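Going left to right, the sequence shown walks through residues -20 to -1, 1 to 65 as mature numbering (1 follows the signal peptide of the UniProt record, and there is no 0) numbers them.
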Amino acid sequence: MKTVFLVALVAVLAVSAVRADGETDFEPKPIGRCPPRDIPNKPPRFLPDANDCSVYYECSGGKMITRKCPEGECFSRMKKGCAPP
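In structure tokens, the structure reads:
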């Protein structure tokens, strides 16, 4: 029952995010979570955005810092940075 409610809620939210002119209005949404603290001697963790490939998040001290790629580039998990699509 909870699953059905969750699916219905997601569907309603998705439909409400599409404006009458067909454009979408999405808030940034990271894929994943930052660890509660930085791991010594490890590079920072980067998370992509679910809605915009040019947006990504850098984890620092358990917090997410929103970053944006230069115009025409998308965040690449493999490269851990921005790259042409």
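Glycine included, C-beta positions come from ideal geometry on N, C-alpha and C. Quantities reported herein were computed from a predicted structural model and do not represent experimental measurements.
Determine the direct distance from the alpha carbon of residue j to that of residue i, and round the result to whole angstroms.
i, j, result
"R13", "I19", "14 Å"
"G61", "K48", "10 Å"
"F55", "G41", "21 Å"
"P23", "C39", "10 Å"
Could you check where the beta strand (DSSP E) with residue i kicks off and where it finishes?
i, result
"A63", "G61 to A63"
"E53", "That residue, E53, is in no beta strand (DSSP E); it is neither H nor E in DSSP."
"R47", "K43 to K48"
"E38", "V35 to S40"
Can you tell which of the options has the C-alpha that lies nearest to the C-alpha of residue i?
i, options, result
"R25", "K9, C33 and M44", "M44"
"D8", "C33, R17, P16 and E51", "For clarity, residue 8 is Pro in the given sequence; the question names Asp instead. Out of C33, R17, P16 and E51, C33 has the C-alpha closest to the C-alpha of P8."
"E51", "K59, P65 and E38", "P65"
Is residue i near the ligand HEM, in the sense that its beta carbon is under 7 Å from a heavy atom of that ligand?
i, result
"I45", "You won't find the ligand HEM in this model; it holds no ligand whatsoever."
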